[in-house]
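Numbering (UniProt numbering) for the sequence shown: 1 to 293. Idealized CB from N, CA, C, for every residue including glycine. These notes are about the structure you will find just below.
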Amino acid sequence: MQYISEIDQLAGYPSIDTEVLRTFVAIADQGGFTRAGELVNRTQSAVSMQMKRLEEDVLQRKLFERDGRQVRLTPEGQVLLGYARRILKLHSEVFNTLREPHMVGLVRIGTPDDYVMRFLPGILKPFSKAYPLIQIEMHCEASSVLMQRRDLALTVISREPGNDIGELLRTERMVWAASPCFCVDEHDALPLAISGDDCLYTHWARAALDAAGRDYRLAYHSSNGAAIQAVVSAGLAAMVSMESLITDDLRVLGSDEGFPPLPSMNLRLLRNPQMTSPITECLAEYIVEGFKL
1 MQYISEIDQL AGYPSIDTEV LRTFVAIADQ GGFTRAGELV NRTQSAVSMQ MKRLEEDVLQ
61 RKLFERDGRQ VRLTPEGQVL LGYARRILKL HSEVFNTLRE PHMVGLVRIG TPDDYVMRFL
121 PGILKPFSKA YPLIQIEMHC EASSVLMQRR DLALTVISRE PGNDIGELLR TERMVWAASP
181 CFCVDEHDAL PLAISGDDCL YTHWARAALD AAGRDYRLAY HSSNGAAIQA VVSAGLAAMV
241 SMESLITDDL RVLGSDEGFP PLPSMNLRLL RNPQMTSPIT ECLAEYIVEG FKL
């Protein structure tokens, strides 16, 4: 009886069509009605009408702040965006699970190992729940070799012109990091822990130190991110890392301690054109959406 009464209560609320939510999310992602309309294959006037009904008739809340051709979400719009993404993902999971029993197979994904714990659990958990028959084979290697025999790859690419391959997932600042017990002044030549000579982090670190005229030595070398983290946490060396990967047991080293600035980097998703399939595209969509949340 309690279940029935809850359904009766919900019946008093207006419903929101998933296509309207899809348009709303497109506006939030694209920053404007015109670009969103192109994405969802609707005219700008049709998109405006949809959102007007959503704001005035359905939710009775202002969702957008307009600044010329640009639009920004109001606080209420930000709340709806989170719900909209979840609803659309669940909607997709229902149809994929019940109507696509052919979603069976293997996806090989390459990723630097320092991204695995930070980014992938929140993406792979709902994906595996929606597609329990898809096997994921994960390879943790340097960005330079990630696409070899892989369906998908998360890779670090510099922000230089011409490096816009794949799909941009996020842009992040690179920083110097060390243990709180690491004393910079004790070392004539800065000891570095690096992943390898072919690693972009290593290239950026050496180029920045060379340009600043600072002495350094490559003290520790491992292709395993956990090993690098252990060495740095022990106070034996400094390293270069994405700012979001700095853990509580490390500190960022700045210009006040003589550390030169580092370039920002792009994290991009690459698809192997020779290994495309419905299941690889499905995982790719989950990865892209996961980085938007």
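What do you get for residue i, buried or exposed, if any count of 16 or more other CB atoms within 10 angstroms of its CB means buried?
i, result
"S241", "buried"
"N224", "exposed"
"M51", "buried"
"Y286", "buried"
"S277", "exposed"
"M171", "The question names Met, but residue 171 in the sequence shown is Thr. Burial call: exposed."
"M49", "exposed"
"residue 297", "Absent from the structure is residue 297, since the part of the chain shown begins at 1 and ends at 293."
"L133", "exposed"
"P14", "exposed"
"M1", "Note that M1 scores a pLDDT of 37, beneath 50, so its modelled location is shaky and nothing firm can be said."
"G68", "exposed"
"I165", "exposed"
"R85", "buried"
"P112", "buried"
"L181", "Correcting the residue identity first, residue 181 is Cys in this sequence and not Leu. Exposed."
"I4", "Residue confidence is low: I4 scores 41 on pLDDT, short of 50, so the model does not pin down where it sits. No coordinate-derived value is stated."
"V104", "exposed"
"S255", "exposed"
"Y83", "exposed"
"D114", "buried"
"T23", "buried"
"F119", "buried"
Determine the DSSP secondary structure at residue i, reduced to helix, strand or coil.
i, result
"G290", "helix"
"residue 296", "Limits of the chain in this structure are 1 at one end and 293 at the other, which puts residue 296 out of reach."
"A130", "helix"
"I123", "helix"
"L236", "coil"
"R159", "coil"
"I246", "coil"
"L267", "strand"
"E137", "strand"
"G254", "coil"
"M275", "helix"
"L152", "strand"
"Q2", "Because the pLDDT at Q2 is just 39, under 50, the model does not fix this residue reliably, and the value given afterwards should be weighed accordingly. Note: Q2 maps to helix in three-state DSSP."
Spatial neighbours of residue i within its chain, please: CB distance less than 8 Å, with the 5 preceding and 5 following residues excluded, ordered by chain position.
i, result
"V288", "E167, L169, L269"
"M174", "Y201, W204, V240, S241, M242, E243, L262, P263, S264, M265"
"I27", "F33, A36, V47, M51, F64, V71"
"G258", "V184, A212, R214"
"D188", "D215"
"R217", "A189, L190, P191, L192"
So, under 8 Å CB-CB, residue i and residue j are touching, yes? Tell me the CB distance rounded to an integer number of Å.
i, j, result
"T18", "D151", "Rounded, the Cβ-Cβ distance is 28 Å, inconsistent with contact."
"I246", "A193", "So it is not a contact: roughly 14 Å between Cβ atoms."
"L283", "V107", "5 Å"
"residue 380", "R214", "Only positions 1 to 293 of the chain appear in the structure, and residue 380 is not among them; the question remains open."
"K89", "P126", "7 Å"
"S179", "A230", "With a Cβ gap of about 11 Å, S179 and A230 do not count as contacting."
"S195", "S222", "7 Å"
Considering only residues of the same chain and omitting the five flanking positions on each side of residue i, which have a CB-CB separation below 6 Å?
i, result
"I123", "Y286, I287, G290"
"E93", "A130"
"I109", "M138, L152"
Residues in its own chain within less than 7 Å of residue i by CB, not counting five upstream and five downstream?
i, result
"V20", "Q50, L54"
"T74", "K62, L63, F64, E65"
"L250", "A177, A178, S179, V232, S233"
"E141", "G110"
- Query: What are the complete alpha helix (DSSP H) segments, minimum 4 residues, inside the segment 163-233?
  - Reply: 200-212, 225-233
- Message: Extract the residue ranges of the beta strand (DSSP E) inside the UniProt domain "HTH lysR-type" (16-74), only unbroken runs of 3 or more that lie entirely within it.
- Response: 64-67, 70-73
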